[in-house]
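Numbering follows the numbering used here, with no gaps: position 87 of the sequence shown is 120. We put the beta carbon where it would ideally sit given N, CA and C, even for glycine. On a predicted model such as this, the values are computed, not experimentally measured, just so you know.
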Amino acid sequence: MPFGYVSPEQLTKDKADYARKGIAKGRPLVVVEYDNGIAFVAENPSTHLRKIGELYDRIAFAAVGRFSEYESLRTAGIRLADIKGYAYSREDVTSRAITNAYSQQLGQIFQQEPKPFEVELCVAELSVDDQPNALYQISFDGTAMERKGWLAMGGQAEALSDAMRAAYQDGMDLDTALRTAVNALQTVATGNGETSRLEVAVLERGRPGRRAFRRLTEDDVTARTRASSS
């Protein structure tokens with residue numbers, strides 16, 4: 034056996050461990066469905082680096098991990114959606130197609146590059162005509178999973194998932210959904226049990242025009258979470 038040989042199994046394990054450690058350092062994020070849309074709630078101390086963004090009309094993106102890597106993926110997703118929407122029709126742009134593209138790209142990077150991306154992604158699509166929403170979680174190795182109701186990513190994701198599982202209810206309004214997500218984030222917060230600055234956005238039915246994406250201000254989030262707890 035040549036000196037320095039590493040088996041494919043060991044190399045894959047080392048890459049996966051490396052990616053998981055990087056993602057675990059990221060501040061947590063929760064995506065939760067509510068009666069009129071989908072809410073994204075992330076710990077994000079930065080005021081200029083975004084973890085949540087619009088991809089197309091009723092489709093949004095959220096991520097944890099290394100910013101430079103997931104920002105390049107977000108940009109690629111927007112480009113893919115724009116090209117497909119222009120070449121065919123806006124209805125042909127779907128969260129499933131974008132998820133498949135991300136899955137293929139991350140899988141290829143994981144298998145072929147010496148360093149995997151340290152990212153975990155969510156692609157969410159707001160439904161129309163009483164159809165279910167679409168909620169996808171994509172891991173660093175390209176594995177894509179469809180979620181229902183909510184998902185949790187980033188540091189202490191397992192504990193965050195336990196908190197969401199215990200508190201989530203179908204048909205919550207936006208205030209209750211935000212309060213549920215904030216409470217879950219507080220359960221895994223370090224120090225005094227308070228979360229850092231929150232970045233919050235929604236995909237919301239009934240907005241004018243095609244675009245369903247809206248960011249919430251800190252004051253709006255505070256007012257809504259306080260109102261739902263009173």
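- When the Cα atoms are used, Thr127 and Glu158 turn out to be separated by approximately 8 Å.
- As the crow flies, the alpha-carbon of Ser194 is around 38 Å from that of Tyr121.
- Between Ala199 and Glu191, the alpha-carbon positions lie close to 13 Å from each other.
- The way I'd put it, the region 85-97 does touch the region 148-156; three or more beta-carbon pairs between them come closer than 8 Å.
- Counting only residues of its own chain and dropping the five nearest sequence neighbours on each side, Ala185 has a CB closer than 6 Å to the CB of Val63, Leu193, Ser194, Met197.
- Collapsing the DSSP output to three states places Ala72 in a strand.
- Inclusion of Gln145 and Gly175 in the CB contact set at 9 Å is not warranted, their separation being larger than that value.
- With respect to the 9 Å criterion, Ala49 and Pro149 are classified as neighbours on the basis of their beta carbons.
- With three or more CB-CB distances shorter than 8 Å, the region 230-249 counts as touching the region 64-78.
- In the assembly as shown, Thr258 is a buried residue. Its beta-carbon has 16 or more other beta-carbons within 10 Å.
- In the DSSP assignment, Ala95 forms a beta bridge with Ile85, Cys155.
- Per DSSP, reduced to three states, the secondary structure at Ala234 is strand.
- Cβ neighbours of Phe173 within its own chain (closer than 7 Å, five residues either side excluded): Ala52, Ile56, Leu139, Phe143, Pro149, Phe150, Glu151, Val152, Glu153.
- Each residue's CA atom was taken as its position, placing Gln219 and Ala210 some 14 Å apart.
- Under DSSP, Arg129 forms no beta bridge with any residue.
- Burial is judged here by how many other beta carbons sit within 10 angstroms of a residue's own beta carbon; Ile131 has at least 16 and is buried.
- Around the Cβ of Tyr119, a 10 Å sphere holds fewer than 16 other Cβ atoms; the residue is exposed.
- For the 9 Å CB-CB criterion, Gln189 and Val215 do not form a contact.
- Arg230 and Ser160 have their alpha carbons spaced roughly 29 Å apart.
- Going by DSSP, Tyr169 is part of the beta strand (DSSP E) stretching over 167-171.
- Taking every protein chain shown into account, the CB of Leu249 has 16 or more other CB atoms within 10 angstroms, so this residue is buried.
- One Cα belongs to Ile111, the other to Ile85, and the distance between them is close to 13 Å.
- According to the DSSP assignment, Val63 belongs to the beta strand (DSSP E) that extends over 62-67.
- Taken through DSSP and simplified to helix, strand or coil, Arg243 comes out as coil.
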